[in-house]
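Below you'll find the structure, written out as structure tokens, and then a few comments.
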Amino acid sequence: MGVMAEATVPKHLRWIPKGMSVEYTAKAGTDIRCVAKMQPEDWQPGEQEVVVKAYDINNVVVVEGIIRLWISEKKKC
């Protein structure tokens, strides 16, 4: 999720994680691939929720959850 946030946050905003809630939905017996999704219009000041999922090599969801972010304007120098 952090890589997604750093790659997509507009330059005038900053983010910090506030908390998360995850569920382990299946046993991960293989490598996993994690996906975090956020729409460009979601980058607004305030609390935002990012949906995250982890898949095994058979595309079975083994972890899913929400990471809460606090988004704010960067201070002007």
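Residues 1121 to 1197 (the numbering used here) make up the sequence shown, in order.
Think of the CB as a built atom: it goes at the ideal place given N, C-alpha and C, for glycine as much as any other residue.
Simplified DSSP assignment, three categories, for residue i
| i | result |
| --- | --- |
| A1127 | helix |
| P1160 | helix |
| G1185 | strand |
| G1122 | helix |
| V1219 | This structure cannot speak to residue 1219, because the chain is shown only from 1121 to 1197. |
| K1147 | coil |
| I1152 | strand |
| V1180 | coil |
Whether residue i touches residue j by CB criterion (8 Å)
| i | j | result |
| --- | --- | --- |
| I1152 | V1182 | yes |
| V1123 | W1163 | no |
| E1161 | R1188 | no |
Spatially closest choice to residue i from the options, by CA coordinates
| i | options | result |
| --- | --- | --- |
| C1197 | I1187, H1132, M1124 and E1184 | H1132 |
| A1125 | N1179, N1178, V1180 and V1155 | V1155 |
| K1147 | I1186, V1180 and E1193 | V1180 |
| V1142 | M1121, W1190, G1166 and S1192 | M1121 |
| E1184 | A1174, S1192, W1190 and P1165 | A1174 |
Beta-bridge pairing of residue i - partner residues as DSSP gives them
| i | result |
| --- | --- |
| C1197 | BP columns for C1197 are empty, so no partner. |
| I1136 | W1190 |
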